[in-house]
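Asker: Here you go, one structure.
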Amino acid sequence: MSDTILVAVEQREGKLNRVSWETITAGQAIAAATGWTLEAAVVGSGIASIAAEVAAKKVAKVYAIESPKLEPYTPDAFADALKQFLTAKQPKLVLMPHTYQVRDFVPKLVTAMGRTAISDCIGFKHEGGKLLFTRQMFQGKLSADVSFTGDAPWFATFQNGAFRGDQAEDAASPAPVETVNVEIADGVVRNRPQPAFKEAKQAVDLTQAAVIVSVGRGIKEQKNIELAKQLADALGGEIAASRPICDSGWLPMDRQVGSSGQTVAPKLYLALGISGAIQHIVGMKGSKAIIAVNKDSEAPIFEIADYAVVGNLFDIIPPLIEEVKKAKS
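So in my numbering, spot 234 of the sequence shown is number 642, and the numbers just go up one at a time.
Below, the structure written as structure tokens:
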């Protein structure tokens with residue numbers, strides 16, 4: 409068993425999921441705290457360019473785990489390929505982003521290896537030579553530090569926004585890339601993948617948005633959401649909302665941010681008329697810059713906002729839209 413941290417980045421259809429950079433950042437932080445070696449792995453078919461992209465970051469080595477049966481993605485193939493690789497490699501810790509794809513195959517993988525996983529972590533601690541992972545409980549009301557008691561390899565997934573992807577350190581020179589060809593036996597893959605499911609044409613993965621304009625109860629009426637949409641369009645961003653807005657049917661559920669919606673970490677998050685309940689904050693607190701507009705100067709959202717605007721959003725947003733349009737023209 410080597411003192412190695414392995415970050416298994418996520419790609420789909422030849423494109424790296426940007427939350428993988430956040431997991432690289434987490435791996436670099438853990439490596440700095442423990443003194444362990446950090447490596448990375450990419451799983452798929454024809455993934456040389458993605459492996460090279462990851463190799464530009466500060467990692468000791470990148471493994472391109474290849475098989476024609478790994479494209480398109482299936483949980484059976486990914487679990488089988490990673491089990492083969494990890495059994496041979498024997499890293500101490502395996503880190504992954506807490507995405508829909510990872511949540512799909514990791515239970516199968518860790519069960520097949522007789523291990524457990526600590527999922528949806530928001531941080532870690534290294535105390536007295538012991539590695540602890542922090543998880544939120546009861547919709548973010550409590551946090552618990554959890555450690556592994558079983559044998560390595562240990563598995564942990566990090567919540568989107570727990571670390572900053574733009575803080576992943578670049579390498580002085582590219583890391584070596586090793587191609588690992590795995591054999592996936594006939595019959596391992598038991599399903600035939602269909603096109604990725606979307607609830608509707610407007611369904612969106614907010615985790616990939618660089619700019620999000622989010623509305624809360626302060627928007628007052630459904631018709632007023634059009635104002636927030638105009639701001640989002642001007643900024644080239646996506647519209648989102650707190651739970652009460654989606655529960656009322658004013659926006660689709662796929663636009664909800666929070667503990668029972670999506671967890672996001674855009675470059676810019678504008679919270680319009682959102683009070684800042686803990687259930688919403690846990691879904692967006694990892695944003696790089698947070699601008700909050702609320703007429704209540706005591707609103708909890710201001711505690712995490714980088715820029716706080718106290719005032720009526722209906723007085724503030726229209727001139728802001730005009731200024732953004734002027735700046736772009």
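Backbone N, C-alpha and C define an ideal beta-carbon position, used for all residues, glycine too.
Hey, how far is the Cα of Gln-419 from the Cα of Gln-436?
Answerer: Their Cα atoms are separated by approximately 20 Å.
Asker: Which two residues bound the contiguous beta strand (DSSP E) that contains Phe-543?
Answerer: Checking the sequence shown, residue 543 turns out to be Arg, not Phe. First-last of the beta strand (DSSP E) with Arg-543: 538-545.
Asker: In chain order, which continuous runs of the beta strand (DSSP E) of length 3 or greater are located wholly inside the segment 409-454?
Answerer: For the segment 409-454, whole beta strand (DSSP E) runs of length 3 or above, ordered along the chain, are 412-416 and 445-452.
Asker: Please confirm if the segment 543-561 is in contact with the segment 503-516, defined as three or more CB-CB distances below 8 Å between the two stretches.
Answerer: Output reads no: the segment 503-516 does not touch the segment 543-561.
Asker: Within a Cβ cutoff of 8 Å, which residues of the same chain sit near Val-665, ignoring the five residues on either side of it in sequence?
Answerer: Same-chain partners within the cutoff: Leu-614, Ile-620, Ser-622, Ala-648, Ala-649, Ser-650, Thr-671, Val-672, His-688, Gly-691 and Met-692.
Asker: Sorted by chain position, which residues of the same chain lie with C-beta nearer than 6 Å to Ala-697's C-beta, five sequence neighbours on each side aside?
Answerer: So the list reads Leu-676 and Asp-714, once near-sequence residues are dropped.
Asker: Classify Glu-577 as buried or exposed, calling it buried when 16 or more other Cβ atoms lie within 10 Å of its own Cβ.
Answerer: By the 10 Å Cβ count, Glu-577 comes out exposed.
Asker: With a 10 Å radius around its C-beta and 16 neighbouring C-beta atoms as the bar for buried, classify Leu-550 as buried or exposed.
Answerer: Looking at its Cβ environment, which holds fewer than 16 other Cβ atoms inside 10 Å, Leu-550 is exposed.
Asker: Count the C-beta pairs between the segment 623-632 and the segment 582-590 that are closer than 8 Å, then say yes if the count reaches three, no if not.
Answerer: At 8 Å Cβ cutoff, the stretches do not touch.
Asker: May I ask you to verify whether the segment 470-481 touches the segment 448-459, counting CB pairs closer than 8 Å and requiring at least 3?
Answerer: These segments touch.
Asker: Could you give the DSSP three-state label for Glu-730: helix, strand or coil?
Answerer: It is helical.
Asker: Please report the residue range of the alpha helix (DSSP H) in which Phe-513 lies.
Answerer: That run of the alpha helix (DSSP H) goes 508-520.
Asker: Taking the beta carbon of Gln-575 as the centre, do at least 16 other beta carbons fall within 10 Å, making it buried, or is it exposed?
Answerer: Classification for Gln-575: exposed.
Asker: What is the residue span of the alpha helix (DSSP H) that Ser-457 lies within?
Answerer: Per DSSP, Ser-457 belongs to the alpha helix (DSSP H) from 456-463.
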